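Contents: one structure, followed by commentary.
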Amino acid sequence: MKALIDRLMRSRPLRAWQRYTGERGPVLAQGMTVQAFLSLFAALFVGFAVFMAVLGDNATLRDAVIDSISSAVPGLIGDGGAVDVDTLTGSTILGWAGAIAAVSILLTAIAWVAVSREGFRAMFELEAPPANFVLLKIGDLGVGVGIGLLVVVSSGLLLVAQALADALGLGWAAPVVAFGVQLLLDTAVVLLLYRFGGRLRLPAKQIVPAALACAVVFSGLKLIASALFRGVENNPLLAGIAAPVIMLIWLGFIMQILLLALAFLAVGPTGRAYTRLVQAGGIDATLSKGEAKALLAEVQANRAEGGDAVRLHKRLARRR
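In our numbering, the protein residues as written are 3 to 322.
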């Protein structure tokens, strides 16, 4: 029995959970949830105001974007949701209200990405990346803008894919296509957050599967959240408060999944090597031109010889 317990304690899932709790994961997830909730509405109104001013005449694309957002965030838009569609499509950034909303999205989006970066890097026991403060905040804003662009691009991609399916007589495949596009969107958003929000330079073979796993879990959480909305939409006592409460709970689970996925990576061999490499100044450090050239040459030589990238990271991490 003792051997079984010892084996469980050494298992990667349990070590990931211990890393998550040991680095204040639940507390960090709560902070990320609150910031995401606050930034969501400002981003929605300002983003849609810009969209309506540029592409609002395209009713098909507009409806596709609304459907995409509704699918991505259950209960946010539509009947019984937190935001009415007519109010959303009538939003504008002109006037004092629009200006205040625009400033709000700048501040809240930057704050959300900054809080998320702290949580992401904490799973690897890393401090904030050394970077110019202004450039760091511009990058945080760019992450928020990038998420909005991904939503529009994925909506356009969905329209093209569905039209192609209809042209080929495969209309029955439309739900499958919609699910696939939504899965790609969620994966791309997670990758954007991890790489450019968290400034984590992990190997693609590690971070891409983690992002895809998060997207799959998100799909299940969306189904549960949608079922909850359907259960309370006809209850006059709960309908008024259901949307924000369920959205907060849903966002809370989303943020915890994002951190747990990184904790799982962090306790693996590549994650441990990456942490040592960053702490040793091999990554996120300011290198001279000669040092950067020498480091690049060594990495390229290791790749050409078919060497193990993890061993190379460990060797570089031992250098000071």
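Yeah, the Cβ is synthetic: ideal placement off N, Cα and C, and Gly gets one too. Fair warning: this is a prediction, and the values are worked out from it, not measured in the lab.
Task: C-alpha gap between R14 and A116, whole angstroms - done: Residue numbering aside, residue 14 sits at position 12 when the sequence shown is read from its first letter. Residue numbering aside, residue 116 sits at position 114 when the sequence shown is read from its first letter. Answer to the nearest angstrom: the Cα atoms are 28 angstroms apart.
Task: For G24, the three-state DSSP class (helix, strand or coil) - done: If you number the sequence shown from 1, residue 24 lands on position 22. Three-state DSSP puts G24 in a helix.
Task: When T23, A124, A113 are compared against I140, the one with the closest alpha-carbon - done: As a first step, residue 140 must be located in the sequence shown, where it is residue number 138. Nearest option by C-alpha distance: A113.
Open item on the list: Taking the alpha carbon of V323 as the reference point, which residue from A206, A66, E307 has its own alpha carbon closest?
Closed with: Nothing about residue 323 can be reported from this structure: the residues present for the chain run from 3 to 322 only.
Open item on the list: Rounding to the nearest angstrom, what Cα-Cα distance links A180 and A227 in this structure?
Closed with: For the purposes of this step, residue 180 is taken as residue 178 along the sequence shown, with counting starting at 1. For the purposes of this step, residue 227 is taken as residue 225 along the sequence shown, with counting starting at 1. Distance between the alpha carbons of A180 and A227: 18 angstroms.
TODO: Throw me the rounded Cβ distance for the L342 and V280 pair, which I believe falls under 8 angstroms.
DONE: Within the shown structure, residues of the chain are numbered from 3 to 322, placing residue 342 beyond reach of any answer.
Task: Assigned exposure category for T277 - 16 Cβ within 10 Å defines buried - done: Here residue 277 refers to the residue found at position 275 when the sequence shown is read from its first residue. That one is buried.
Open item on the list: Measuring only the C-alpha atoms, how far is M11 from M125?
Closed with: As a working mapping, residue 11 is identified with position 9 in the sequence shown. As a working mapping, residue 125 is identified with position 123 in the sequence shown. Going by the C-alpha atoms only, they are around 18 angstroms apart.
TODO: Starting from the C-beta of W19, find all residues in its chain whose C-beta is less than 6 angstroms away, skip the five residues before and the five after it, and write them out in chain order.
DONE: Against the sequence shown, residue 19 aligns to sequence position 17. If we look at W19 and ignore the five residues flanking it on each side, it has no Cβ neighbours.
- [ ] Please work out which residues of its chain come closer than 8 angstroms, Cβ to Cβ, to L152, disregarding the five sequence neighbours upstream and downstream, and give them in chain order.
- [x] The residue labelled residue 152 in the question sits at position 150 within the sequence shown. Cβ within range, chain order: L187, A190, V191, L194.
Task: Validate contact between the segment 141-151 and the segment 216-224 using beta carbons, cut 8 angstroms, 3 pairs - done: no
Task: Whole-angstrom distance between G27 and G33, CA atom to CA atom - done: In the sequence shown, counting from the first residue as 1, residue 33 sits at position 31. In the sequence shown, counting from the first residue as 1, residue 27 sits at position 25. Distance between the alpha carbons of G33 and G27 is about 10 angstroms.
Task: Proximity below 8 angstroms, CB of G24 to CB of F122 - done: For the purposes of this step, residue 24 is identified with residue 22 of the sequence shown, where counting begins at 1. For the purposes of this step, residue 122 is identified with residue 120 of the sequence shown, where counting begins at 1. No, they are not a contact pair.
TODO: Inspect the CB distances between the segment 30-45 and the segment 253-262 and report whether three or more fall short of 8 angstroms.
DONE: yes
Open item on the list: Starting from A275, trace the alpha helix (DSSP H) in both directions and tell me its first and last residue.
Closed with: Within the sequence shown, residue 275 is the residue found at index 273, counting from 1. Here the alpha helix (DSSP H) through A275 covers 271-281.
Open item on the list: Measuring alpha carbon to alpha carbon, tell me which residue in A282, L267, E307, R305 is nearest L16.
Closed with: Taking the first residue of the sequence shown as 1, we reach residue 16 at position 14. Per the Cα distances, L267.
- [ ] Just mark I149 as buried or exposed, buried being the case when its beta carbon has 16 or more other beta carbons within 10 Å.
- [x] If you number the sequence shown from 1, residue 149 lands on position 147. Buried is the call here.
Open item on the list: Taking the alpha-carbon of A130 as reference, which of V67, L108, L202 has the nearest alpha-carbon?
Closed with: Numbered from its first residue, the sequence shown carries residue 130 at position 128. Among V67, L108, L202, the Cα nearest to that of A130 is on L202.
Open item on the list: Below 8 angstroms on the Cβ atoms is my contact criterion, and I expect L40 with T110 to pass it. Report the Cβ-Cβ distance as a whole number of Å.
Closed with: Stepping through the sequence shown from its first residue, residue 40 is reached at position 38. Stepping through the sequence shown from its first residue, residue 110 is reached at position 108. About 5 angstroms; that satisfies the 8 angstroms criterion.
- [ ] Indicate whether L261 and C216 have their beta-carbon atoms separated by less than 8 angstroms.
- [x] Numbered from 1 along the sequence shown, position 259 holds the residue referred to as residue 261. Numbered from 1 along the sequence shown, position 214 holds the residue referred to as residue 216. No, Cβ-Cβ distance for L261 and C216 is not below 8 angstroms.
- [ ] Mark L42 as exposed unless 16 or more other C-beta atoms lie within 10 angstroms of its C-beta, in which case mark it buried.
- [x] Locating residue 42 in the sequence shown gives position 40, where the first residue counts as 1. Result: buried.
Task: Close-in-space but distant-in-sequence residues of the same chain around R21 (CB under 7 angstroms, 5 per side omitted) - done: Position 19 of the sequence shown, counted from the first residue, corresponds to residue 21. Closer than 7 angstroms at the Cβ level, and outside the excluded window around R21, lie M125, A265, A268, V269.
Open item on the list: For I79 and A213, what's the separation of their Cα atoms in angstroms?
Closed with: For this step, residue 79 is matched to residue 77 along the sequence shown. For this step, residue 213 is matched to residue 211 along the sequence shown. About 25 angstroms.
Open item on the list: In the DSSP assignment, the alpha helix (DSSP H) including F181 goes from what residue to what residue?
Closed with: Along the sequence shown, read from residue 1 onward, the residue named residue 181 stands at position 179. Its alpha helix (DSSP H) spans residues 176-194.
- [ ] With distances taken Cα to Cα, identify the nearest neighbour of V48 among E120, A163, G146.
- [x] As a first step, residue 48 is located in the sequence shown; it is residue number 46 there, counting from the start. Comparing Cα positions, the closest option is G146.
- [ ] Apply the 10 Å Cβ neighbour rule to M302 and answer buried if 16 or more other Cβ atoms are within range, or exposed otherwise.
- [x] Stepping through the sequence shown from its first residue, residue 302 is reached at position 300. With the sequence shown as reference, residue 302 is identified as Gln, and Met is not the correct amino acid for it. The residue in question, Q302, is exposed, as its Cβ has fewer than 16 Cβ neighbours within 10 Å.
- [ ] Give me the Cα-Cα distance between D65 and S106, rounded to the nearest whole angstrom.
- [x] Residue 65 sits at position 63 when you count from the first residue of the sequence shown. Residue 106 sits at position 104 when you count from the first residue of the sequence shown. Their Cα atoms are separated by approximately 26 angstroms.
TODO: Give every residue of the same chain whose Cβ lies closer than 6 angstroms to the Cβ of R322, excluding the five residues on either side of it in the sequence, and list them in chain order.
DONE: In the sequence shown, counting from the first residue as 1, residue 322 sits at position 320. Confidence in R322 is poor, its pLDDT being 47 and thus under 50, which makes the residue's placement too unreliable to answer from.
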